[in-house]
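To start, the structure under review is shown below, and the notes come after it.
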Amino acid sequence: ARVRSSRSGTMSTHGAKSGNDGDELFSSADARGGSEVERVTAGLELEREASRRGDKDILPRLLDASGVLQDAASAIIDDTFNKCFTFTERPAWNWNFYLFPMWVCGVAIRYGVLFPLRLVFIVTSTVIFLLTFTLAHSLAPNAGNFRVKLERFLVHTYAGCHVVSWTGVIRHHGPKPTNRPGHIFVANHTSIIDYIILTSVSPFSSIAQQNKGWVGLIQNTAMDAIDCIRFNRTESKDREMVQRRLREHVADTNRLPLLIFPEGTCVNNEYCVMFKRGAFDLGCKVCPIAIKYNKIFAETFWHSRRQSFTQHLMSLMTSWAVVADVWYLEPQEMRDDEDPIKFANRVRQLICDQAGIKPVPWDGMLKYYRPSPRMCEKRRAEIAASFESLLDGKKTK
324 ARVRSSRSGT MSTHGAKSGN DGDELFSSAD ARGGSEVERV TAGLELEREA SRRGDKDILP
384 RLLDASGVLQ DAASAIIDDT FNKCFTFTER PAWNWNFYLF PMWVCGVAIR YGVLFPLRLV
444 FIVTSTVIFL LTFTLAHSLA PNAGNFRVKL ERFLVHTYAG CHVVSWTGVI RHHGPKPTNR
504 PGHIFVANHT SIIDYIILTS VSPFSSIAQQ NKGWVGLIQN TAMDAIDCIR FNRTESKDRE
564 MVQRRLREHV ADTNRLPLLI FPEGTCVNNE YCVMFKRGAF DLGCKVCPIA IKYNKIFAET
624 FWHSRRQSFT QHLMSLMTSW AVVADVWYLE PQEMRDDEDP IKFANRVRQL ICDQAGIKPV
684 PWDGMLKYYR PSPRMCEKRR AEIAASFESL LDGKKTK
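In case it helps, my numbering puts the sequence shown at residues 324 to 720.
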């Protein structure tokens with residue numbers, strides 16, 4: 324299917340809103356204009372071609388549903404959008420008499436031995452972290468940035484404790500991130516654990532959706548101390564605030580390196596959706612980071628609408644291990660013949676090639692929206708107008 328739009332880089336499905344509501348985290352003001360987006364499918368082209376040919380027989384046209392059927396079949400067969408947000412299907416292997424006892428032993432070890440030890444460890448680590456961080460933030464002197472350095476060290480250590488609680492086996496490739504003036508880091512996004520894994524190597528500032536519960540408590544304490552930017556996806560004012568604070572952060576050489584997940588949502592580590600352009604419109608170098616998980620040992624994809632982050636962590640702690648490869652790629656600059664959208668696509672392709680994931684031309688935020696009845700009604704009206712023109716032609720004769 325082709326997508327027609329008056330603005331480059333805009334893509335939509337039937338009735339989905341791309342960038343006019345609170346879905347775009349990194350959209351700029353001029354990219355949120357009210358442009359009409361029309362998705363021209365093969366079935367719609369088939370119906371328009373019949374109208375252009377001037378077929379005068381009403382009954383064959385009424386009985387011909389090939390256009391609608393073609394669109395329906397292609398939507399079912401080539402549903403690359405929903406594939407981005409599905410969990411990995413694991414074929415059963417405990418199907419015979421000698422494999423089943425091994426599976427039972429594995430379940431007993433994971434749930435009866437490893438999980439209690441991991442749970443006690445991470446709960447203890449969280450309590451110690453909150454106490455020490457509160458004391459450091461309230462009592463430690465800030466002479467020579469001592470308090471700031473101590474808080475960053477505590478966040479770095481706490482992230483490492485989380486990785487230990489999953490029995491994380493993380494292999495890092497390339498030079499480790501450092502605080503480079505005029506640089507930002509971008510990575511593909513599977514779960515919040517992406518940030519935890521990277522912060523366990525080097526503390527990062529980042530951009531995060533405001534959460535509730537104990538995750539929100541961590542955000543309100545530790546994340547603010549390391550200059551993380553929190554936002555509410557549904558508030559248009561927050562988008563403007565994010566863009567402004569991004570530029571301020573990049574210009575301040577005393578702050579931690581900025582880590583951005585330009586997809587704006589979690590994807591299942593098999594596909595990579597479109598990158599938002601705002602991260603590539605800051606006039607600085609971009610350092611790509613590619614993350615690939617081995618799903619034989621654990622399901623690392625977090626679908627926030629199906630499970631809370633606590634449930635997600637419980638799933639990781641009842642798995643054997645979290646095994647991942649992280650590649651730190653060469654910094655990239657926007658070329659003279661590129662705009663931010665082309666630059667974002669080039670960086671995304673570098674990450675996909677390195678991690679072995681498939682890029683798809685979808686805005687990931689579309690998963691939060693349902694098809695609009697207005698667009699469905701538009702399709703019905705176009706078909707009805709075609710039949711009305713045929714009837715008018717018959718009456719004039």
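Backbone N, C-alpha and C define an ideal beta-carbon position, used for all residues, glycine too.
C-alpha gap between residue i and residue j, whole angstroms
| i | j | result |
| --- | --- | --- |
| residue 724 | residue 449 | The displayed coordinates of the chain run from 324 to 720. Any statement about residue 724 would go beyond what the structure contains. |
| residue 443 | residue 518 | 22 Å |
| residue 641 | residue 651 | 29 Å |
| residue 668 | residue 606 | 16 Å |
| residue 457 | residue 545 | 9 Å |
| residue 474 | residue 454 | 12 Å |
| residue 689 | residue 675 | 21 Å |
| residue 624 | residue 468 | 37 Å |
| residue 345 | residue 586 | With a pLDDT of 35 at residue 345, under the threshold of 50, the modelled position of this residue cannot be trusted, and the question is left open. |
| residue 534 | residue 631 | 11 Å |
Where residue i falls: helix, strand or coil (DSSP)
| i | result |
| --- | --- |
| residue 553 | strand |
| residue 700 | helix |
| residue 630 | coil |
| residue 547 | helix |
| residue 663 | helix |
| residue 613 | strand |
| residue 607 | coil |
| residue 580 | coil |
| residue 602 | helix |
| residue 472 | helix |
| residue 348 | Residue placement at residue 348 is flagged as unreliable, the pLDDT there being 32, under the threshold of 50; a coordinate-derived value is accordingly withheld. |
| residue 565 | helix |
| residue 427 | helix |
| residue 406 | helix |
| residue 595 | strand |
Own chain, CB closer than 6 Å to residue i, minus 5 neighbours either side, in chain order
| i | result |
| --- | --- |
| residue 643 | 620 |
| residue 352 | Unreliable placement is indicated for residue 352, whose pLDDT of 35 sits below 50; the coordinate value is still reported in the next sentence. Same-chain partners within the cutoff: there are none. |
| residue 287 | Past the boundaries of the shown model lies residue 287; the chain is included only from 324 to 720, so the question cannot be answered. |
Nearest to residue i (by Cα), restricted to the options the options
| i | options | result |
| --- | --- | --- |
| residue 521 | 612, 602, 437 | 612 |
| residue 532 | 514, 524, 526, 424 | 514 |
| residue 639 | 501, 507, 437 | 437 |
| residue 524 | 493, 706, 428, 465 | 493 |
| residue 664 | 604, 416, 404 | 604 |
| residue 580 | 672, 501, 542 | 501 |
| residue 595 | 538, 636, 548, 685 | 685 |
| residue 408 | 461, 592, 574 | 592 |
7 Å CB neighbourhood of residue i in its chain, flanking five on each side removed
| i | result |
| --- | --- |
| residue 452 | 477, 481 |
Contact with chain B by residue i, beta-carbon distance below 8 Å
| i | result |
| --- | --- |
| residue 550 | You won't find chain B in this structure, because it holds only one protein chain. |
Please give me, in chain order, every unbroken run of the alpha helix (DSSP H) with length at least 4 that falls completely inside the stretch 489-538. With a minimum length of 4 residues, the continuous alpha helix (DSSP H) runs that stay inside the stretch 489-538 are 516-522.
Can you check the stretch 431-486 for any beta strand (DSSP E) of at least 3 residues that lies completely inside it and give the ranges in chain order? For the stretch 431-486, not a single whole beta strand (DSSP E) run of length 3 or above is found.
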